[in-house]
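Residue numbers (this note's numbering): 311 to 731.
(1) For residue 709, I'd like the list of residues in its chain whose CB is within less than 6 Å of its CB, leaving aside the five on either flank, ordered along the chain.
(2) Thinking C-alpha only, which one of 649, 690 and 687 is nearest residue 600?
(3) Round the Cβ separation of residue 584 and residue 383 to the nearest angstrom and send it over; I've been treating them as touching at under 8 Å.
(4) From this set, 586, 519, 459 and 656, which residue's C-alpha is nearest residue 558's C-alpha?
(5) Does the count of Cβ pairs from the segment 720 to 729 and the segment 682 to 696 closer than 8 Å reach three?
(6) Sort 365, 699, 622 and 706 by Cα distance to residue 386 and report the nearest one.
(7) Taking Cβ positions, are residue 513 and residue 436 nearer each other than 8 Å?
(8) Which parts of the segment 658 to 693 are runs of the beta strand (DSSP E), unbroken and 3 residues or longer, counting only runs that do not cross its ends?
(9) DSSP has residue 404 in a bridge; who is on the other side?
(10) Starting from the C-beta of residue 378, find all residues in its chain whose C-beta is less than 6 Å away, skip the five residues before and the five after it, and write them out in chain order.
(11) Need the endpoints of the alpha helix (DSSP H) that residue 508 sits in, please.
(12) By Cβ distance, which residues of its chain are closer than 6 Å to residue 597, with the 5 residues on each side in sequence left out?
(13) Over what stretch of residues does the alpha helix (DSSP H) that includes residue 704 continue unbroken?
(14) Please return the same chain residues whose Cβ sits closer than 6 Å to the Cβ of residue 448, not counting the five positions on each side in sequence.
(15) What whole-angstrom Cβ distance do residue 365 and residue 592 have, given they're in contact under 8 Å?
(16) Using DSSP with H/G/I as helix, E/B as strand and the rest coil, what is residue 588?
(17) Report yes if the C-beta distance between residue 533 and residue 338 is below 8 Å; otherwise report no.
(18) For residue 382, report the span of its alpha helix (DSSP H) as first-last.
(19) Does the distance from the C-beta atom of residue 483 to that of residue 554 stay below 8 Å?
(20) Do you know offhand how far residue 609's Cα is from residue 400's?
(21) Which of the three DSSP states is assigned to residue 520 in this structure?
(22) Between which two residues does the alpha helix (DSSP H) holding residue 601 run?
(23) Going by CA-CA distance only, name the one from 544, 539, 348 and 630 that's closest to residue 490.
(24) Tell me, please, whether the segment 520 to 532 touches the segment 689 to 708 by the rule of three or more beta-carbon pairs shorter than 8 Å.
(25) Would DSSP call residue 396 helix, strand or coil?
(26) Is the Cβ of residue 345 closer than 8 Å to any Cβ of chain C?
(27) What number of angstroms, rounded off, separates the C-alpha of residue 445 from the C-alpha of residue 566?
Pasting the structure below:
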């Protein structure tokens, strides 16, 4: 069974690559699952089970036919709408509501300076301190210095800060600007700065996930917009991006070594493989040992549950659910695993089918030659689900729902011209 996901997603990647005649977004997304499937094989062959977040150990590995087929089939269904977008066929990307885009951009830039105010006096101390303790405190539910400082903000500013996760939208806006709009260099620079809000917040908890997430979505935009970039902009991106990539790698290595300093330094490579390759394995574990009579929707409908039930997917709630299940649930089981554990295998199938239908209706037809920027931003946001879904379901905070509502509003404004150009 361990070979099936690897063979399936490798074939799917090669098939789409040949069909699209380029390495575009659907090829990229499929390649991520091919890579994680290869790493899952390495985990099993190297007997790396039972640690690093992997729930199976070397003595109880059970990869059934049903969960394997479910895993491959549902992920393929999630990726299929994106295969209708042929990068080589897109001739025009319009901007029907430039004023709305600019208002959103400035809102996120202002938000980034608020974020800077909150983290400025503690980030350097965290980087120079005990990263293992910082992460341990975060896992125990201890608020970061920035979170404690945010509690002192006036109510209206505190509510505004809930939009912090929306700063991710600066990435596609930035790429569109340098490809199609004559915006000043300093404005685009501020967009880049704003887009880094969540990775910077992640440092407050010695977290690696936010930087990995940022990198995956940055690659998505780079692949989508690459053919529209001038040679000058490609060189500029390489020059500016290299120091950021280097700093990110140094940070990731430092956090990894701090968290596993009780292990041999040679184990760091094993930890990276376990980190990235456990999705399929833990999905199968969830399928085999999950108790699906415990139905809960706080991750699937976070805003509704937060507003009406005062329930959120926090540390206490996850500990409670882990007690109900009888095993630790805060592991990487792919986005399918998280949703399945919440609403059962049948609920998972219905959820993925709904996602598939929504995306197919939105994209409408294959080989489209024209998109609006608001549509690209929506596709970018929806792509977060399967892209970061190699680890877990990303939209489990109510703040992510707020981002989705912003993008839906942007779509409506662009479609019906609700804001003057």
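No residue lacks a Cβ here, since even glycine has one placed at the ideal position from N, Cα and C.
All values reported here derive from a predicted model rather than from experimental measurement.
With the given structure in hand:
(1) Along the chain shown, one-based indexing puts residue 709 at 399. Once the five neighbours on either side are set aside, the close Cβ partners of residue 709 are 472 and 475.
(2) The residue labelled residue 600 in the question sits at position 290 within the chain shown. With distances taken between Cα atoms, residue 600 lies closest to 649.
(3) Here residue 584 refers to the residue found at position 274 when the chain shown is read from its first residue. Here residue 383 refers to the residue found at position 73 when the chain shown is read from its first residue. Rounded, the Cβ-Cβ distance is 25 Å, inconsistent with contact.
(4) Here residue 558 corresponds to residue number 248 of the chain shown, with the count starting at 1. It is 519.
(5) yes
(6) Walking along the chain shown from the start, residue 386 turns up at place 76. Among 365, 699, 622 and 706, the Cα nearest to that of residue 386 belongs to 699.
(7) As a working mapping, residue 513 is identified with position 203 in the chain shown. As a working mapping, residue 436 is identified with position 126 in the chain shown. For residue 513 and residue 436, yes; Cβs fall inside 8 Å.
(8) 680 to 682
(9) The residue labelled residue 404 in the question sits at position 94 within the chain shown. Partner(s): 682.
(10) Counting from 1 along the chain shown, the entry for residue 378 is found at position 68. Within the same chain, residue 378 has close Cβ partners 311 and 314.
(11) By 1-based counting over the chain shown, the position of residue 508 is 198. Here the alpha helix (DSSP H) through residue 508 covers 507 to 513.
(12) Indexing the chain shown from 1 puts residue 597 at position 287. Counting only Cβ-Cβ distances below 6 Å, and skipping sequence neighbours, we find 377.
(13) For the purposes of this step, residue 704 is taken as the residue at position 394 of the chain shown. From DSSP, residue 704 is part of no alpha helix (DSSP H); its letter is neither H nor E.
(14) For the purposes of this step, residue 448 is taken as residue 138 along the chain shown, with counting starting at 1. Taken in chain order, the residues that qualify are 515.
(15) On the chain shown, position 55 is the one that residue 365 refers to. On the chain shown, position 282 is the one that residue 592 refers to. 5 Å between Cβ atoms; contact.
(16) Position 278 of the chain shown, counted from the start, is the residue given in the question as residue 588. Correct three-state label for residue 588: coil.
(17) On the chain shown, position 223 is the one that residue 533 refers to. On the chain shown, position 28 is the one that residue 338 refers to. For residue 533 and residue 338, yes; Cβs fall inside 8 Å.
(18) Here residue 382 refers to the residue found at position 72 when the chain shown is read from its first residue. Where residue 382 is concerned, the enclosing alpha helix (DSSP H) stretches over 375 to 389.
(19) Residue mapping note: residue 483 aligns to position 173 of the chain shown, counting from 1. Residue mapping note: residue 554 aligns to position 244 of the chain shown, counting from 1. Against a cut-off of 8 Å, the Cβ pair of residue 554 and residue 483 comes out as no contact.
(20) Within the chain shown, the letter at position 299 stands for residue 609. Within the chain shown, the letter at position 90 stands for residue 400. C-alpha separation (whole angstroms): 35 Å.
(21) Taking the chain shown and counting its residues from 1, the one referred to as residue 520 is at position 210. It is helical.
(22) The count along the chain shown starts at 1 and reaches residue 601 at position 291. Run containing residue 601: none; DSSP gives neither H nor E here.
(23) Taking the chain shown and counting its residues from 1, the one referred to as residue 490 is at position 180. Here the closest residue by C-alpha is 539.
(24) yes
(25) Residue 396 sits at position 86 when you count from the first residue of the chain shown. If DSSP states are grouped into helix, strand and coil, residue 396 belongs with coil.
(26) As a matter of chain content, chain C is missing from the structure shown, which is built from one protein chain.
(27) Locating residue 445 in the chain shown gives position 135, counting from the first residue. Locating residue 566 in the chain shown gives position 256, counting from the first residue. About 11 Å.
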